[in-house]
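Asker:
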Amino acid sequence: MKNKLFLATIASSVAFSSFAFAQEVNPELDREPVDLYITANRIPTSLDQTGSSVSVITKEEIERSNKTSVADLIRETAGLDVVRTGAPGGVTSVFIRGAESDHTLILIDGIRANSNVTGSFDFSNLNASNIESIEIIRGPQSVLYGSEAIGGVINITTSAGSGQGVTGKARLSGGSFGTQNYLAQVAVVEEAVSASFSAAYSDSDGFSTASERNGNTEKDAYENLALNGKVSAGFLEEGRAELSVRFVNGQAELDGFDFTEGPVDDPNFEQDNDQLAGSLSLSHPISEHFKASVKLGASRDNLEGTDPDSEFNNYDIESQTESITTTLEVLPDWIGVLVLGHTFESRKTDDNGNVDVSRDINSFFIQEKFALEDWPVITAGVRYDDDSDFGDETTFRTSLLYTCKECDLTFRGSFGTGFKAPSANELFFPGFGNPDLEAETSWGYDLGVEIPLVKDKASLTLTWFQSEIDDLITSDPETFLAANIDQANIQGIESALSVDICPGLNAGLHYTWTDTEDDATGEQLARRPKHRARLSINANPIPKLDVGISLLLVRDRIDTDLSDMDDYERVDLRASYWVTENIKPFLRIDNLFDEDYEELAGYETTDIAAFGGVEFRL
Numbered sequence: 001m002k003n004k005l006f007l008a009t010i011a012s013s014v015a016f017s018s019f020a021f022a023q024e025v026n027p028e029l030d031r032e033p034v035d036l037y038i039t040a041n042r043i044p045t046s047l048d049q050t051g052s053s054v055s056v057i058t059k060e061e062i063e064r065s066n067k068t069s070v071a072d073l074i075r076e077t078a079g080l081d082v083v084r085t086g087a088p089g090g091v092t093s094v095f096i097r098g099a100e101s102d103h104t105l106i107l108i109d110g111i112r113a114n115s116n117v118t119g120s121f122d123f124s125n126l127n128a129s130n131i132e133s134i135e136i137i138r139g140p141q142s143v144l145y146g147s148e149a150i151g152g153v154i155n156i157t158t159s160a161g162s163g164q165g166v167t168g169k170a171r172l173s174g175g176s177f178g179t180q181n182y183l184a185q186v187a188v189v190e191e192a193v194s195a196s197f198s199a200a201y202s203d204s205d206g207f208s209t210a211s212e213r214n215g216n217t218e219k220d221a222y223e224n225l226a227l228n229g230k231v232s233a234g235f236l237e238e239g240r241a242e243l244s245v246r247f248v249n250g251q252a253e254l255d256g257f258d259f260t261e262g263p264v265d266d267p268n269f270e271q272d273n274d275q276l277a278g279s280l281s282l283s284h285p286i287s288e289h290f291k292a293s294v295k296l297g298a299s300r301d302n303l304e305g306t307d308p309d310s311e312f313n314n315y316d317i318e319s320q321t322e323s324i325t326t327t328l329e330v331l332p333d334w335i336g337v338l339v340l341g342h343t344f345e346s347r348k349t350d351d352n353g354n355v356d357v358s359r360d361i362n363s364f365f366i367q368e369k370f371a372l373e374d375w376p377v378i379t380a381g382v383r384y385d386d387d388s389d390f391g392d393e394t395t396f397r398t399s400l401l402y403t404c405k406e407c408d409l410t411f412r413g414s415f416g417t418g419f420k421a422p423s424a425n426e427l428f429f430p431g432f433g434n435p436d437l438e439a440e441t442s443w444g445y446d447l448g449v450e451i452p453l454v455k456d457k458a459s460l461t462l463t464w465f466q467s468e469i470d471d472l473i474t475s476d477p478e479t480f481l482a483a484n485i486d487q488a489n490i491q492g493i494e495s496a497l498s499v500d501i502c503p504g505l506n507a508g509l510h511y512t513w514t515d516t517e518d519d520a521t522g523e524q525l526a527r528r529p530k531h532r533a534r535l536s537i538n539a540n541p542i543p544k545l546d547v548g549i550s551l552l553l554v555r556d557r558i559d560t561d562l563s564d565m566d567d568y569e570r571v572d573l574r575a576s577y578w579v580t581e582n583i584k585p586f587l588r589i590d591n592l593f594d595e596d597y598e599e600l601a602g603y604e605t606t607d608i609a610a611f612g613g614v615e616f617r618l
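Note that the numbering used here has the sequence shown beginning at 1, numbered continuously upward.
1) Hey, how far is the Cα of Ala488 from the Cα of Lys219?
2) Please report the residue range of the beta strand (DSSP E) in which Leu616 lies.
3) By the DSSP assignment, the beta strand (DSSP E) with Lys544 in it spans what residues?
4) Would you identify the three-state DSSP class for Tyr145, choosing helix, strand or coil?
5) Taking its Cβ as the centre, do 16 or more other Cβ atoms sit within 10 Å of Leu442, making it buried, or is it exposed?
6) Does Gly98 come out as helix, strand or coil in the three-state DSSP assignment?
7) So is Tyr145 buried or exposed if we call it buried at 16+ other beta carbons inside 10 Å?
8) Apply the 10 Å Cβ neighbour rule to Asp309 and answer buried if 16 or more other Cβ atoms are within range, or exposed otherwise.
9) I'd like to check one pair, Glu595 with Glu604: are the Cβ atoms closer than 9 Å?
10) Looking only at its own chain, which residues have a Cβ that is under 7 Å from the Cβ of Ser244, when we skip the five neighbours before and after it?
11) Would Arg97 and Gly90 be called neighbours here (beta carbons separated by less than 9 Å)?
12) Using C-beta distances below 8 Å, list every residue in its chain close to Asp356, excluding the 5 sequence neighbours before and after it, in chain order.
13) For Pro435, tell me which candidate among Glu132, Asp446, Ser423, Glu345 has the shortest Cα-Cα distance.
14) Across which residues does DSSP place Thr461 in a beta bridge pair?
15) Here's a check: name, in chain order, each residue in its chain whose Cβ is nearer than 6 Å to the Cβ of Asp566, leaving out the five neighbours to either side.
16) Just to confirm my understanding: we take Asn506, look at its own chain, exclude 5 residues before and 5 after, and list those with CB closer than 6 Å. What are they?
17) Is it buried or exposed, Lys369, if we count other Cβ atoms within 10 angstroms and call 16 or more buried?
18) State the Cα-Cα distance for the pair Glu238 and Leu338, rounded to the nearest angstrom.
19) Helix, strand or coil: which one does DSSP assign to His103?
20) Take the Cβ of Phe21 as the centre, count every other Cβ of all protein chains shown within 10 Å, and call the residue buried at 16 or more, exposed below.
21) Count the other C-beta atoms from every protein chain shown that fall within 10 angstroms of the C-beta of Tyr384, then say buried if there are 16 or more, exposed otherwise.
22) Under DSSP, the alpha helix (DSSP H) around Arg64 begins and ends at which residues?
23) In whole angstroms, what is the alpha-carbon distance linking Ile134 and Val153?
24) What are the residues that DSSP puts in a beta bridge with Lys295?
25) Using the Cα positions of Ala526 and Ile137, report the straight-line distance between them to the nearest angstrom.
26) Ala507 bridges to which residues according to DSSP?
27) Taking C-alpha atoms, which residue in Gln164, Gly234, Val70 lies nearest to Glu132?
28) Over the uninterrupted beta strand (DSSP E) stretch that includes Phe257, give me the two end residues.
29) Return the Cβ separation of Gly79 and Gly413 in integer angstroms, given the expectation that the two are a contact with Cβ distance under 8 Å.
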């Protein structure tokens, strides 16, 4: 089967290249190039001025993918692994460079979205509607973002509109598992004011969350509603104000868990999740060399489970965070850019009445970016966090970017420390919590080189990374209480090759080797693949037709009991055609060759599934 999949993928690429490719491309690609700005330095910075290891998924790439969830969009990114427990609506976790899922900080328009209960973020309900870009920053980032940023940061930026005048679109689609998707979006851009609003709804009959290999057949349905609004406006000549609000509701039927059989059918277990996040930011220059900004943020996550058959599946958990961040940018011409900042966060947790606590966090950070002409771009920063529950932590980070004009190579590197504060459950949950816990800490570095090939028609990027995570929190086998008793070592290589084969045809290949070790046992860390590769081919064989195929391979994983987990390879296909400038039918096929695999032992994954629809634009 593996050989057949490999040959099928190669055959597809040969078939694509046999077309007479036209110069005209579809409207999504026929746009003026724009510079990309990222949050790796806390201030807008282009990719060619950043020493961090960063991947950016652009608005154009999101629209071309025809995917409806953020988890599916980021699933194929180098150095990152996504695991979902069964059908849509099941808990969906992200691992960056072998770190834990609660070592990834998730920001929505710059506002922390991680749960105060667990410290992690569940991607199961995060819809891809009205998103401008997704920035994935690998490596410790605590110096700018504090706790949970040990493995990296994923920043999701919503759209405030682009271009001029009124634009809009509507998407209707459906397909396998009785799936229906609806999207309506409108944007208005007039001089100094821009605004964008969207509503998206998904409904699916789903499939069994518990694995069908174990005889489970009951379908688990799922519904999702996502509402998003963003307004940006100028004030007092050079000032800028931005208001963003995002609401998501996910309703999922889930399966139960038996400690002897694992996941099992449960026809009456339902979960309702409300997520609300909002931010208001104001910025204005004070003088020629000073710019002040303030950002107010709030997020609320309410998770409710009901099941008349099991007391364990009945819960009502609420996580709430309010924050205010003030920054001052200092721009003296001779030294670069200095950023001074302070963040105050108030975090509240109510876990079924078992945990009802509040904690306050004060953070101070400073970062200097040196960017003199013909010199390496160097950043260096330090941060101090004071947490009312567990104490204080100091982190630092530095990065370097150097472009060698003579040898036409770009070098990147970074070194930093990170930490993850104990979650509310780890500190206070009855029978497990330990108020004497210390923060998990880490150090890590990466070294990379970008090599242009074949007269800028291809490029190769190679990155070596290594990190150590200390005082990992796990259950003490003697007391069953949370304790800082584990340590992990992680190292690996990320490689990415991009090739423009000819006009209208390009290919990309990335491969990540990750070597992880639990110091206590000497074993590989559970559920982290040693080998992960993705091959993608994108083509415009005729004008206005856009076709893409991708192959994802995952190898060498073990479960928590040290048993081998499934190796798998999955092929996905997409196609779209602009009938007119305003109408685009599209098709997406997931798991084209119907691969039977489990991302997590005992939990089902999708069979071959087809989804089609049409998009209308104003």
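Positions of the beta carbon are idealized from the N, C-alpha and C atoms, including for glycine.
Just so you know, these numbers come straight off a predicted model, no measurement behind them.
Answerer: Walking through what the data contain:
1) The sequence position of residue 488 within the sequence shown is 488, counting from 1. The sequence position of residue 219 within the sequence shown is 219, counting from 1. Taking the Cα positions, Ala488 is about 38 Å away from Lys219.
2) Residue 616 sits at position 616 when you count from the first residue of the sequence shown. It should be pointed out that residue 616 corresponds to Phe in this sequence rather than to Leu. Phe616 -> beta strand (DSSP E) spans 609-617.
3) Here residue 544 corresponds to residue number 544 of the sequence shown, with the count starting at 1. For Lys544, there is no enclosing beta strand (DSSP E), as DSSP gives it neither H nor E.
4) Start at 1 with the first residue of the sequence shown, and residue 145 comes out as number 145. In the structure shown, Tyr145 sits in a helix (DSSP, three-state: H, G or I).
5) As a position in the sequence shown, residue 442 is number 442, starting the count at 1. One point to set straight first is that residue 442 is Ser, not Leu, in the sequence displayed. Ser442 is classed as buried because its beta carbon has at least 16 other beta carbons within 10 Å across all chains shown.
6) For this step, residue 98 is matched to residue 98 along the sequence shown. DSSP, read as helix, strand or coil, puts Gly98 in coil.
7) Translated into positions along the sequence shown, residue 145 becomes position 145. With 16 or more Cβ atoms within 10 Å of its Cβ, Tyr145 is classed as buried.
8) One-based indexing of the sequence shown puts residue 309 at position 309. Label assigned to Asp309: exposed.
9) In the sequence shown, the residue the question calls residue 604 occupies position 604. In the sequence shown, the residue the question calls residue 595 occupies position 595. Glu604 is not a Cβ neighbour of Glu595, given a cutoff of 9 Å.
10) Residue mapping note: residue 244 aligns to position 244 of the sequence shown, counting from 1. Scanning its chain for C-beta atoms nearer than 7 Å, with the 5 sequence neighbours on each side dropped, one finds around Ser244 the residues Asp109, Thr158, Lys230, Gly278, Ser279, in chain order.
11) Translated into the one-based positions of the sequence shown, residue 97 becomes position 97. Translated into the one-based positions of the sequence shown, residue 90 becomes position 90. Against a cut-off of 9 Å, the Cβ pair of Gly90 and Arg97 comes out as no contact.
12) For the purposes of this step, residue 356 is identified with residue 356 of the sequence shown, where counting begins at 1. So the list reads Thr349, Asp350, once near-sequence residues are dropped.
13) Position 435 of the sequence shown, counted from the start, is the residue given in the question as residue 435. For Pro435, the closest alpha carbon among the candidates Glu132, Asp446, Ser423, Glu345 is that of Ser423.
14) In the sequence shown, the residue the question calls residue 461 occupies position 461. In the DSSP output, where bridge partners are listed per residue, Thr461 has Glu450, Ala496.
15) Here residue 566 is taken as the residue at index 566 of the sequence shown, counted from 1. Once the five neighbours on either side are set aside, the close Cβ partners of Asp566 are Tyr597, Glu598.
16) As a first step, residue 506 must be located in the sequence shown, where it is residue number 506. Only Asp500, Asn538 meet the Cβ criterion.
17) For this step, residue 369 is matched to residue 369 along the sequence shown. Burial call: buried.
18) Along the sequence shown, one-based indexing puts residue 238 at 238. Along the sequence shown, one-based indexing puts residue 338 at 338. If you take the alpha carbons of Glu238 and Leu338, they lie about 20 Å apart.
19) If you number the sequence shown from 1, residue 103 lands on position 103. Collapsing the DSSP output to three states places His103 in a helix.
20) In the sequence shown, counting from the first residue as 1, residue 21 sits at position 21. Model confidence at Phe21 stands at a pLDDT of 30, short of 50, so the residue's coordinates are unreliable and nothing is read from them.
21) Taking the sequence shown and counting its residues from 1, one reaches residue 384 at position 384. With a threshold of 16 other beta carbon atoms within 10 Å, Tyr384 falls short and is exposed.
22) Taking the first residue of the sequence shown as 1, we reach residue 64 at position 64. Taken as a continuous stretch (DSSP letters only), the alpha helix (DSSP H) holding Arg64 covers 59-65.
23) As a first step, residue 134 must be located in the sequence shown, where it is residue number 134. As a first step, residue 153 must be located in the sequence shown, where it is residue number 153. So the alpha carbons of these two residues sit roughly 10 Å apart.
24) By one-based count along the sequence shown, residue 295 stands at place 295. According to DSSP, Lys295 bridges with Ser281, Thr325.
25) Translated into the one-based positions of the sequence shown, residue 526 becomes position 526. Translated into the one-based positions of the sequence shown, residue 137 becomes position 137. Going by the C-alpha atoms only, they are around 23 Å apart.
26) By one-based count along the sequence shown, residue 507 stands at place 507. For Ala507, DSSP records a beta bridge to Val499, Ile537.
27) Taking the first residue of the sequence shown as 1, we reach residue 132 at position 132. For the residues Gln164, Gly234, Val70, the minimum Cα distance to Glu132 belongs to Val70.
28) Here residue 257 corresponds to residue number 257 of the sequence shown, with the count starting at 1. Element bounds for Phe257: 256-258.
29) Along the sequence shown, read from residue 1 onward, the residue named residue 79 stands at position 79. Along the sequence shown, read from residue 1 onward, the residue named residue 413 stands at position 413. The beta-carbon separation of Gly79 and Gly413, rounded to 15 Å, does not stay under the 8 Å limit for a contact.
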